[in-house]
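K.L.:
By full-length UniProt numbering, the letter at position 76 of the sequence shown is numbered 76, and the numbering carries on one by one without gaps. Cβ coordinates follow ideal geometry from the N, Cα and C atoms, glycine included.
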Amino acid sequence: MVELKTPDEIAAMAVTGSFIAELLDDLAGRARPGVNLLDLEQRARELIAERGAESCYWDYAPSFGRGPFRNVICLSVNDAVLHGLPHDYVLRDGDLLSMDIAVSINGWVADCARSIIVGTPRPEDQRLIEATEKALEAGIAAAVPGNRLGDISAAIAGVAADYGYPVNTQFGGHGLGRTMHEDPHVSNAGRPGRGMKLQPGLTLALEPWFAAGTDRIVYDPDGWTIRSADGSRTAHSEHTIAVTEDGPLVLTCRESVTAAAGGR
């Protein structure tokens, strides 16, 4: 069932989203060659505890994965793109790191992902990350009242096609609010004009992710980490947004609390 949120509830989600943006900024500043993924996991735990937030990942046990998940953030490196299990790995110069996190504050959830390059960037990796960011922007721009869910999906897929990247549809975006995953599912490919009509109060996590060379995925023995089937590099960008009468509102940025307050 799709639950539409009130302006006050959207503002509460923006508080969570602003915290997540600050947390990812902190981790991005620490992700340097020689830093262990477990150090980033520990830092995320510290920030969550200091804020009085709750991790949505801890004890997460979906139908996939060898659960329960016992970390607070997904850290995926190079050909890993989703659900990367933090482990004893020291970042190297040129690694492509995707960070994905969802937390709850006062019962309201936000979810966000960001891909960065550790140390010296490779142009092909910069292009891949750029594609996910542009696809996210296009998906957000399509999230206006009267459009349909397929318009968001088609906008994301259109950017992937422009960049020449294939699209996997097994994992995509989703509704969220009181819990991390709510209806509806938001595919990263679809047909415009199809699917449910977008209404003010709908809150979604949009998350385009692409692999440079394939749309197929494989799982690590840990049962969680998802990689490109051909070993090509991957990138992932995600924001939590709200559909409003005045257009889409991004809830996972530092300015989201002020922006959401203006809509009440």
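1) Which residues does DSSP list as the beta-bridge partners of Thr-203?
2) Threshold first: 3 residues or longer. Then list the beta strand (DSSP E) segments lying entirely within the segment 80 to 116, N to C.
3) Determine, for Phe-210, whether the minimum Cβ-Cβ distance to residues of chain B falls below 8 Å.
4) Which runs of the beta strand (DSSP E) fall wholly inside the segment 152 to 197 and span at least 3 residues, in chain order?
5) On the three-state DSSP scale, how would you describe Val-63?
6) Could you tell me if Ser-63 is buried or exposed, where buried requires 16 or more neighbouring beta carbons within 10 angstroms of its beta carbon?
7) Identify the continuous beta strand (DSSP E) that holds Val-2 and give its terminal residues.
8) Assuming Phe-171 and Ile-105 make a contact with CB atoms under 8 Å, what is their CB distance in whole Å?
9) Rounded to the nearest angstrom, what separates Leu-82 and Asp-183 at their Cα positions?
10) Beta carbon of Ser-55, beta carbon of Val-72: below 8 Å?
11) Return the CA-CA distance between Pro-86 and Met-196, expressed in angstroms with no decimal places.
12) List the residues that DSSP assigns as beta-bridge partners of Thr-225.
13) Got a sec, what are the start and stop residues for the alpha helix (DSSP H) Ala-143 sits in?
P.N.:
Concretely, from the data shown:
1) For this step, residue 203 is matched to residue 203 along the sequence shown. According to DSSP, Thr-203 bridges with Ala-242.
2) 80 to 82 and 96 to 105
3) No chain B is part of this structure, which consists of one protein chain only.
4) 173 to 175 and 182 to 186
5) Here residue 63 is taken as the residue at index 63 of the sequence shown, counted from 1. Val is not the amino acid found at residue 63; the sequence shown has Ser there. Looking at Ser-63 - three-state DSSP - the assignment turns out to be coil, as it is neither helix nor strand.
6) To locate residue 63, count along the sequence shown from 1; it is residue 63. It is exposed - the Cβ of Ser-63 has fewer than 16 other Cβ atoms within 10 Å.
7) Residue mapping note: residue 2 aligns to position 2 of the sequence shown, counting from 1. Here Val-2 belongs to no beta strand (DSSP E), and DSSP marks it neither H nor E.
8) What you label residue 171 is simply residue 171 of the sequence shown in a count that begins at 1. What you label residue 105 is simply residue 105 of the sequence shown in a count that begins at 1. That belief does not hold up - the Cβ atoms of Phe-171 and Ile-105 are roughly 25 Å apart, past 8 Å.
9) On the sequence shown, residue 82 is found 82 positions in, with the first residue counted as 1. On the sequence shown, residue 183 is found 183 positions in, with the first residue counted as 1. Roughly 20 Å separates the two Cα atoms.
10) Numbered from 1 along the sequence shown, position 55 holds the residue referred to as residue 55. Numbered from 1 along the sequence shown, position 72 holds the residue referred to as residue 72. In this structure, Val-72 lies closer than 8 Å to Ser-55 by Cβ.
11) Within the sequence shown, residue 86 is the residue found at index 86, counting from 1. Within the sequence shown, residue 196 is the residue found at index 196, counting from 1. Roughly 36 Å between the two C-alpha positions.
12) Start at 1 with the first residue of the sequence shown, and residue 225 comes out as number 225. Its beta-bridge partners do not exist; DSSP assigns none.
13) Looking up residue 143 in the sequence shown gives position 143. Careful: Ala-143 lies outside any alpha helix (DSSP H) and carries neither H nor E.
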